[in-house]
Amino acid sequence: MGKLTIIGNDKPVIGKQEMYSVSSVNDWLNPLQPIKNPLQVQKTHWEVMVQTKTGWRKGGSDKEGQMVPYIFGQKSLFHKGIKIIVRQGEDYGELIVHPQRAKEPKITRVELLDANYKPIPKGKKLSYKDTIIARAYCVEMFEMNIAFTLWEDDAQGEGHDPTINALNKINPVPVLSRVNEKGMAEAVFRLPFYTMAVLIANSRTASGDKNEGPTHEYYVTADVVSKHIQKASPNINVVNPTHNPEPPRKREVPKKQTPSPPKPKTTPAPEKPKPKPDGNSAKFPVTTGGKKSDDPQGKILSAEFVDKAGNRLHSSKVGTTVFMKITAKDMKNKKVKVKIWEEDNIRWTNDPIFEKDYELLYDKNFIWIVLTKKMFIEGNDGGSDSAKQNYFIEVLHNDTSVKSAVMPVSIDATPTEVPSGNSATMVKEPKQGKTPSSCVCKEQYKDLIWGGKVSCEFRKKVVQICSELWGESRKMEMANGLMAVMKVETWGSFKAHHREGYKSANDNPKELTISSFHKESAKSSRAVGLIQFTQDALEGMGEFPKSTTATKGTQLRYDNLNKLKLSYAQMGEIKQLDKVKKYFEPAKNKIKTPEDIYLQVFAPDGVGKNDNYLLYSKGTDEYTNNRSVDKNDDGIQRKEILERYYDSKNEGGNYKAIDFSCGIDRNEKNDIKSTDIVTYHIYSTGIIEKFIPKKVKSGYENKYKYIYHDSTDKEHEICIVDWHKTKEKSVGQVYKTKPTHAKILEDKNVSEGNTSRRVKYINGDIAEYGSHPKKGIIWLLYSAGKNDVELVRMPDTLNYSNGDVRISYIFNKTQRKFTGANAFAGFIGYLARSGYKVTTSGSCFSEGSSFPSQEHCNGRSVDTFYLGNIIQDQKVIDSAIFFHFTEVLKGVNEYCKKLKRAGNGGTLHNSHLHSGNFNNSSIKIIKEK
41 MGKLTIIGND KPVIGKQEMY SVSSVNDWLN PLQPIKNPLQ VQKTHWEVMV QTKTGWRKGG
101 SDKEGQMVPY IFGQKSLFHK GIKIIVRQGE DYGELIVHPQ RAKEPKITRV ELLDANYKPI
161 PKGKKLSYKD TIIARAYCVE MFEMNIAFTL WEDDAQGEGH DPTINALNKI NPVPVLSRVN
221 EKGMAEAVFR LPFYTMAVLI ANSRTASGDK NEGPTHEYYV TADVVSKHIQ KASPNINVVN
281 PTHNPEPPRK REVPKKQTPS PPKPKTTPAP EKPKPKPDGN SAKFPVTTGG KKSDDPQGKI
341 LSAEFVDKAG NRLHSSKVGT TVFMKITAKD MKNKKVKVKI WEEDNIRWTN DPIFEKDYEL
401 LYDKNFIWIV LTKKMFIEGN DGGSDSAKQN YFIEVLHNDT SVKSAVMPVS IDATPTEVPS
461 GNSATMVKEP KQGKTPSSCV CKEQYKDLIW GGKVSCEFRK KVVQICSELW GESRKMEMAN
521 GLMAVMKVET WGSFKAHHRE GYKSANDNPK ELTISSFHKE SAKSSRAVGL IQFTQDALEG
581 MGEFPKSTTA TKGTQLRYDN LNKLKLSYAQ MGEIKQLDKV KKYFEPAKNK IKTPEDIYLQ
641 VFAPDGVGKN DNYLLYSKGT DEYTNNRSVD KNDDGIQRKE ILERYYDSKN EGGNYKAIDF
701 SCGIDRNEKN DIKSTDIVTY HIYSTGIIEK FIPKKVKSGY ENKYKYIYHD STDKEHEICI
761 VDWHKTKEKS VGQVYKTKPT HAKILEDKNV SEGNTSRRVK YINGDIAEYG SHPKKGIIWL
821 LYSAGKNDVE LVRMPDTLNY SNGDVRISYI FNKTQRKFTG ANAFAGFIGY LARSGYKVTT
881 SGSCFSEGSS FPSQEHCNGR SVDTFYLGNI IQDQKVIDSA IFFHFTEVLK GVNEYCKKLK
941 RAGNGGTLHN SHLHSGNFNN SSIKIIKEK
């Protein structure tokens, strides 16, 4: 085998074409070797290999020739290594290349794909039913907007003449898409038949042509928004459905013809002009052709129909309740007019079927709408409208916004086959049968923030209370404020038995005692409930007597106080809401805003004051307890205290009710099917549901199934795991010698990562001994609590890959292969969202201990090693936060300083990321009835 040398730039700039040629080292070393006949030289084959964490794999397509071009794109910067390989027969050569960043942003090419994301071969004829996906490859343009425009080409040859094609723009307003970290942006176009595309294509012809012929040629341009950079795709051919080929000429004997009598001319009655969508309004189709399209002011970013999980709908039917998801920017508390139009494919007009004014409260707004039969009838102009209709959404604000693409129809060419689930949205006439039942609070209380965390009865009660306290006209405004307050006070559990000092309320309220409310001693008392009722609050409500000289500070008084709080904890949420109302009644007239509701609970002195009002001065106990919110080191002002409230209010918009139970037959629920096993459904939107069937199949009582739902709501069954209960463990306490506080049941040596010895005590405590990365050789004592926790045995490895979904991890030198059942659902979600294979040092041991970690007890945290790429590690951090891990910690070295949104974990976390304190209250429990 001879050695080949590749001649070319080993430091190519991304986006720039480089030429590479080959030379044989043997030819240089042996000048006496006869010159080969060029006709006898074997073909030269080229390929590119990229290095990943699992080894080398092929990247890109192969090439042939003595000299070949290569262009390395943005994503080449993310590979651990890249090499070009060349072969001539048995001779071999390779060149390691190190792509360099470009100095200027650039679109290198635009590629056209079919609906299955496969390149469209040159010369292939498409149908007007087909979907075209335009993909722009960019360099140095991460997060920049690309504007895609579809054109019909009348220029001769393969070139695109902007002058000739000036009037051939199919979509007047470009479809916008943002460049991802791999340097790609995509837009989707559906080719219409009875709409304007065919009219535009047939209205003008190329120079020298009599007509458009049997096919139309289309191409797509991609422009950088705010920069003058444009790139055009190659042409594709689409069958012209209106083309009638001229028949061949025949010689015929002339015949005497009798002209037919002329028909009397009649003047048709003028039709009443149909309403039209606003020329400058934001319009968003509900088909797969509808990529988001910003309006000229950049206010309305997108509008689409979605399901309960926030996934875009591709089809629906009359009688179905759906969401309109409207994404906006700088439009909070602004009014918009929302319209739904039926796209009329016969008359090239549109039928208005819905119109209503709304106030946008958040950046992402979800609006319920029932697709009624009345809408279907109003959109029916005959023809295909009687069987199916195509809807799009129009959003108007200040009479400005943008126009979207239109709906496709075709009859001539064979359309590209697309797997089920990716078809265009259509509304079908429902079959006759049972009328779908609906929840009475679906329309009235669907916009209540955090409504998805509570029951229908809870939602109704909150709104009713606010109506009675502050009036019918302000009930929703104030109810949203009250929900935001209860979320803060209960850490999102919304439980009547939530106690001060706890971040969750997973215990059984019936098992609580008065000692459950003790702090450091029996003469103490924890706040409890939806707004954390304190002794002062209960005294002010007349629920607990004020102290006297004889009773002040006595044990009996504390016992009576904790008995009252125990009754509050065990009365349930609905009954306790009456107590919430009672608390606010004396102050209802001075409470003018939702912010005042929060302050009445947290700092009553701030009610009705301006934002700069000083609540707590430095040196006071109140200041010390809330020092973290003091931004200017000048005391705590009203506006600083309110930051927690605003965070809760904004976040709550993502947790509005999407499942309504009153008046609904749960057996008709078809989005979560009944199974034989308790199943976690993890949605790409961040929602996690734990579905508990009425009856668990024998043999599956101690197993959980985990299913991931991707952005198209396709289900991916990830794994089935075993689970068990154990007593919860406290955070590990450091000992230099073996703890001897209780009788020892078992003391044995182990070999489990850093852990070399484990002691179990009669009271359920566990002590573990071994090497700590910072503290050296130590013992950690994990004290057992009264409550049980559920732990699952994680699979030894997980390597799921299907389409765009990848969920993968491996363990590294650890036996901490157990974790919380809920936390494991969050872990699966963040692995899917990041898409990277991670290496983990695990979570906890089978009984909830977690040496050498003090904080991993009960499987509430998981550690993963850094990937070594800032963009990738940042995505892992963002994904962990998105899937409800509330404590994400990083190291302090130079690499870790570049990462954002993670807390300071000290030098201990220079090697790994800590994702901890999973928010168990984010799990929604659904029980089959």
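For reference, each letter of the sequence shown is one residue, going 41 to 969 in my numbering. By construction, the Cβ of each residue, glycine as well, lies at the ideal position given by its N, Cα and C atoms.
- H538 counts as buried, since at least 16 other C-beta atoms from the protein chains shown sit within 10 angstroms of its C-beta.
- Relative to Y431, the option among E257, L953, V378 and D716 whose CA is nearest is V378.
- In the DSSP assignment, T664 falls within the unbroken alpha helix (DSSP H) covering D661 to N665.
- The DSSP-derived three-state label of E757 is strand.
- Among the bridge pairs identified by DSSP, K767 is matched with D828.
- Taking each of N909, L152, S533 and M526 in turn and checking the Cα distance to I571, the smallest one comes out for M526.
- The beta carbons of D903 and H952 sit closer together than 7 Å.
- Counting along the chain, the unbroken alpha helix (DSSP H) around W510 starts and ends at C496 to W510.
- In the structure shown, G133 falls within a strand segment according to DSSP collapsed to helix, strand and coil.
- K115 sits away from Q91, with the two beta carbons spaced by 7 Å or more.
- The criterion of a C-beta distance shorter than 7 Å is not satisfied by T361 and V435.
- Residue L522 holds the alpha-carbon nearest to the alpha-carbon of L639 among Y608, L522 and K734.
- Going by DSSP, R678 is part of no beta strand (DSSP E) but of the alpha helix (DSSP H) stretching over R678 to I681.
- Between Q128 and Q57, the beta carbon gap of about 23 Å keeps them out of contact (Cβ cut-off 8 Å).
- Around the beta carbon of V494, a 10 Å sphere encloses 16 or more other beta carbons of the protein chains shown; the residue is thus reported as buried.
- Just measuring C-alpha positions, the residue of D193, I46 and N211 sitting nearest Y258 is D193.
- Collapsing the DSSP output to three states places Y935 in a helix.
- With fewer than three CB-CB distances shorter than 8 Å, the stretch 912 to 930 does not count as touching the stretch 808 to 821.
- The stretch 931 to 940 makes no contact with the stretch 892 to 902: fewer than 3 CB pairs, one atom from each, lie closer than 8 Å.
- The beta carbon of T795 sits closer than 6 Å to those of E808, G810 and F891, all from its chain and outside the five residues before and after it, given in chain order.
- Under the rule that a run must span 3 or more residues, no beta strand (DSSP E) segment is found entirely inside the stretch 519 to 586.
- Comparing C-alpha distances from P733 to each of F573, E895 and K743 shows the shortest one belongs to K743.
- Closest option to M89, judged by alpha-carbon separation, among Q106, L135, F923 and L488: L135.
- Annotation for G816: the continuous beta strand (DSSP E) segment containing it runs G816 to Y822.
- Per DSSP, reduced to three states, the secondary structure at A262 is strand.
- Around the C-beta of Q773, fewer than 16 other C-beta atoms lie within 10 Å, and the residue is accordingly described as exposed.
- Where I747 is concerned, the enclosing beta strand (DSSP E) starts and stops at K743 to H749.
- The residue from A861, G541, A536 and N957 with its alpha-carbon nearest to that of N665 is G541.
- In this structure, I614 lies near K501, with their beta-carbon atoms less than 7 Å apart.
- Around the Cβ of M415, a 10 Å sphere holds 16 or more other Cβ atoms; the residue is buried.
- Our two residues, F394 and E895, have alpha carbons roughly 54 Å apart in a direct line.
- Look at the beta carbons and you see the stretch 170 to 183 touching the stretch 141 to 153: at least three pairs across the two are nearer than 8 Å.
- Counting C-beta pairs with one atom in each stretch, the stretch 773 to 792 and the stretch 752 to 759 have fewer than three that are closer than 8 Å, which means they do not touch.
- DSSP places I417 in the uninterrupted alpha helix (DSSP H) bounded by K413 to E418.
- F229: not part of any alpha helix (DSSP H); member of the beta strand (DSSP E) spanning M224 to R230, first to last residue.
- Look at the beta carbons and you see the stretch 542 to 553 not touching the stretch 583 to 596: under three pairs across the two are nearer than 8 Å.
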